[in-house]
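Numbering (my numbering), first residue to last: 237 to 520.
From the three backbone atoms N, C-alpha and C, an ideal C-beta is built for every residue, glycine too.
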Ligand code: CAA
């Protein structure tokens, strides 16, 4: 199996509430938020363990609010989103939705809260262990990168409960893994494991279950060392390749590249290279 298992790294078992500090400053009921889990890295943990982190309306509203405030927090450069060892999230909350009519669904428009996730300017890394199904898979795919534990399972099983993906699954999965596999996953509800997800291009890497979160934080830390301005514009530009034509995407990328030459970080980064030293980025 293609797993990164860093040599000499101590294996620890991550207890599900390990990161739930008692002084969690934000009053959320369904998520745990640590704005400074590590320098410049915020951690959001989905926290409905009994329901396998099923994404009910309130959880998604809390997630939207947390992302908005972390995006505005200048000390935060990268955000890691995780669940627990058994489940990242097993989908939208079926029990909450089961009795709704089409009119209820239109009026509640629950997926509109997801738009904020898409709008997050800072890099968002999903650290996935266990189930990432339906809305859980869609949530992971809405993040910019996915670090998966060797236990991760991805799927869009909505077809088995008489519906279909509703929060981007048919679009993002198809772009990530191609039409053939996306059709199979969406039409049969089959789960794919981490190995298959890696081969298909859905995830960035597989890491041992015991350290999946620590590895995601390490990965986030690598990105947090870069200029926050360059990171934001580079992320925006990569996402633009999803939305429009290649031509539009190329123009967008070029404009952002030129614009970065107005920043101190560009001067610092290039000068540091020439002077053979490490750059000190300030986000200016
Ligand atoms: N919504 C609400 N509750 C859920 C849930 C969900 N999506 N997924 C799991 N749960 C609940 C279960 O009902 C169960 O609750 P109780 O203990 O009260 O019975 C608890 O979580 C534990 O689940 P299981 O006992 O089923 O655990 P398992 O290990 O036997 O099976 C599973 C795990 C395969 C993930 C199974 O729970 C399952 O199939 N879940 C539903 C997956 C699904 O269909 N997701 C798509 C939802 S629709 C959607 O997401 C639409 C969209 O596009 C946004």
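Coarse secondary structure for residue i, derived from DSSP in three states
{"i": "residue 326", "result": "coil"}
{"i": "residue 506", "result": "helix"}
{"i": "residue 425", "result": "coil"}
{"i": "residue 252", "result": "Residue placement at residue 252 cannot be trusted, given a pLDDT of 33 that sits under 50; what the coordinates show is reported in the next sentence. Of the three classes helix, strand and coil, the one that applies to residue 252 here is coil, per DSSP."}
{"i": "residue 279", "result": "strand"}
{"i": "residue 257", "result": "Confidence at residue 257 is low in this model, with a pLDDT of 40, below 50, so its placement is unreliable and no value can be given for it."}
{"i": "residue 312", "result": "coil"}
{"i": "residue 356", "result": "coil"}
{"i": "residue 338", "result": "helix"}
{"i": "residue 465", "result": "helix"}
{"i": "residue 285", "result": "helix"}
{"i": "residue 500", "result": "helix"}
{"i": "residue 290", "result": "coil"}
{"i": "residue 332", "result": "helix"}
{"i": "residue 516", "result": "coil"}
{"i": "residue 270", "result": "strand"}
8 Å contact criterion, which residue i and residue j should meet: CB distance rounded
{"i": "residue 489", "j": "residue 518", "result": "Not a contact, Cβ separation roughly 24 Å."}
{"i": "residue 401", "j": "residue 425", "result": "10 Å between Cβ atoms; not a contact."}
{"i": "residue 422", "j": "residue 388", "result": "Contact flag wrong, Cβ pair sits at about 18 Å."}
{"i": "residue 265", "j": "residue 297", "result": "Wrong, their Cβ atoms sit about 10 Å apart, outside the cutoff."}
{"i": "residue 334", "j": "residue 289", "result": "Between residue 289 and residue 334 the Cβ distance is about 18 Å, and since that is not below 8 Å, they are no contact."}
{"i": "residue 368", "j": "residue 347", "result": "Contact flag wrong, Cβ pair sits at about 17 Å."}
{"i": "residue 374", "j": "residue 408", "result": "7 Å"}
{"i": "residue 316", "j": "residue 276", "result": "Actually they are not in contact, since the Cβ atoms of residue 316 and residue 276 sit about 11 Å apart, beyond 8 Å."}
Proximity test, residue i beta-carbon vs ligand 1 heavy atom, cut-off 8 Å
{"i": "residue 331", "result": "yes"}
{"i": "residue 399", "result": "yes"}
{"i": "residue 471", "result": "no"}
{"i": "residue 393", "result": "yes"}
{"i": "residue 347", "result": "yes"}
{"i": "residue 299", "result": "no"}
{"i": "residue 525", "result": "Outside the modelled stretch of the chain, which goes from 237 to 520, sits residue 525, for which no answer is possible."}
{"i": "residue 484", "result": "no"}
{"i": "residue 370", "result": "yes"}
{"i": "residue 327", "result": "yes"}
{"i": "residue 402", "result": "yes"}
{"i": "residue 303", "result": "no"}
{"i": "residue 508", "result": "no"}
{"i": "residue 435", "result": "no"}
{"i": "residue 288", "result": "yes"}
{"i": "residue 396", "result": "yes"}
{"i": "residue 219", "result": "Beyond the ends of the chain as shown, which are 237 and 520, falls residue 219; an answer cannot be given."}
{"i": "residue 291", "result": "yes"}
Distance, residue j Cα to residue i Cα
{"i": "residue 360", "j": "residue 415", "result": "25 Å"}
{"i": "residue 459", "j": "residue 350", "result": "24 Å"}
{"i": "residue 455", "j": "residue 300", "result": "23 Å"}
{"i": "residue 463", "j": "residue 280", "result": "22 Å"}
{"i": "residue 291", "j": "residue 378", "result": "14 Å"}
{"i": "residue 352", "j": "residue 512", "result": "40 Å"}
{"i": "residue 283", "j": "residue 465", "result": "31 Å"}
{"i": "residue 287", "j": "residue 340", "result": "23 Å"}
{"i": "residue 526", "j": "residue 480", "result": "The question about residue 526 has no answer here: the residues shown for the chain are numbered 237 through 520."}
{"i": "residue 405", "j": "residue 417", "result": "12 Å"}
{"i": "residue 385", "j": "residue 472", "result": "27 Å"}
{"i": "residue 420", "j": "residue 274", "result": "39 Å"}
{"i": "residue 272", "j": "residue 307", "result": "13 Å"}
{"i": "residue 395", "j": "residue 510", "result": "56 Å"}
{"i": "residue 250", "j": "residue 497", "result": "Residue confidence is low: residue 250 scores 36 on pLDDT, short of 50, so the model does not pin down where it sits. Its coordinate-derived value is still stated next. For residue 250 and residue 497, the distance between alpha carbons rounds to 43 Å."}
{"i": "residue 342", "j": "residue 332", "result": "15 Å"}
{"i": "residue 447", "j": "residue 305", "result": "28 Å"}
{"i": "residue 311", "j": "residue 397", "result": "43 Å"}
{"i": "residue 486", "j": "residue 477", "result": "8 Å"}
Check: residue i C-beta below 8 Å from any heavy atom of ligand 2
{"i": "residue 367", "result": "Ligands present in the displayed structure are limited to ligand 1, and ligand 2 is not among them."}
Neighbour flag for residue i against chain D, beta carbons, 9 Å
{"i": "residue 283", "result": "No chain D is present in this structure, which holds just one protein chain."}
Any alpha helix (DSSP H) of 4 or more consecutive residues that is wholly inside the segment 367 to 455: With a minimum length of 4 residues, the continuous alpha helix (DSSP H) runs that stay inside the segment 367 to 455 are 371 to 378, 405 to 413, 415 to 424, 430 to 436.
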